[in-house]
Amino acid sequence: VRAGEAGERAVRRVLDELDRRGVEVRTAAAGDRWRLGEAEVRVLHPTSDAPAGRGMLSANDTSLVVELSVETDAGVRSVLLTGDVGTPAIAGLMRREAGLAPVVVELPHHGSANAAAVEWVGRIDPAVVLQSTGWSRVDDERWDSVRGDGGAPWWVSARDGSSFALIRRDGRVESGSNVR
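My numbering puts the first residue of the sequence shown at 2, with every later residue one more than the last.
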């Protein structure tokens, strides 16, 4: 059995079980919005016409990118979840979402320090950075221009364990980890 076939079978089993339990599964695309508790979820990527397959966008570049926004006493605050997007998807997001200003960012593709990701996160200038990655990407010097001297808290799962960012009702952003 090829790896792709095994993955497809696993996805099919999950979808079948969700259907059996009466859970509706929908495809999300850029522009979709819904409420999640007090937050609004806005899908930024992929677009409904995102080309995937040979010579087009990779599976990573069709990752779901969402912004979760919540109203606070100090105005709207948001979190950006970026999945595994790489250079082509990031270029499209920088064009379509030039005014994006989340206070918390999950680094694209586990903190892969490609030029597009470094530029994008640098433009966004978040108050907190979350990076889910292994040891090979901890403190990668290519992120130094974004990380800055004593800048935003930068939580890395390999070093810091599970981390969190919390947006308070007064608009303050707090973050931490289970290690430090």
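Every residue gets a Cβ at the ideal spot worked out from N, C-alpha and C, and that includes glycine. Bear in mind the structure is a predicted one, so any value in this text is a computation, not a measurement.
query                                                                                                                                                                     : result
Quick one: give me the first and last residue of the alpha helix (DSSP H) that residue 113 is part of.                                                                    : Careful: residue 113 lies outside any alpha helix (DSSP H) and carries neither H nor E.
Once you ignore the five residues that flank residue 45 on each side, which residues in its own chain have a CB closer than 7 Å to its CB?                                : 31, 66, 67, 68, 94 and 98
Taking the CB atoms as reference points, tell me whether residue 86 and residue 50 lie closer together than 8 Å.                                                          : no
Anyone know if the C-beta pair for residue 12 and residue 104 falls short of 8 Å?                                                                                         : no
Which of the three DSSP states, helix, strand or coil, is assigned to residue 94?                                                                                         : helix
Using a Cβ-Cβ cut-off of 7 Å (strictly less than) and excluding sequence neighbours within five positions of residue 148, which residues of its own chain qualify?        : 155
Go ahead and label residue 162 buried or exposed: buried means 16 or more other beta carbons lie within 10 angstroms of its beta carbon, across all protein chains shown. : exposed
Can you tell me whether DSSP reads residue 177 as helix, strand or coil?                                                                                                  : strand
Of all the options 118, 59 and 166, which has the alpha carbon lying nearest to the alpha carbon of residue 145?                                                          : 118
Provide the residue(s) that pair with residue 166 in DSSP beta bridges, ordered along the chain.                                                                          : 176
Tell me the DSSP secondary structure of residue 101 in three-state form.                                                                                                  : coil
Look up residue 39 in the DSSP assignment and say whether it is helix, strand or coil.                                                                                    : coil
Could you have a look at residue 142 and say whether DSSP puts it in helix, strand or coil?                                                                               : helix
Name the DSSP bridge partner or partners of residue 76?                                                                                                                   : 73
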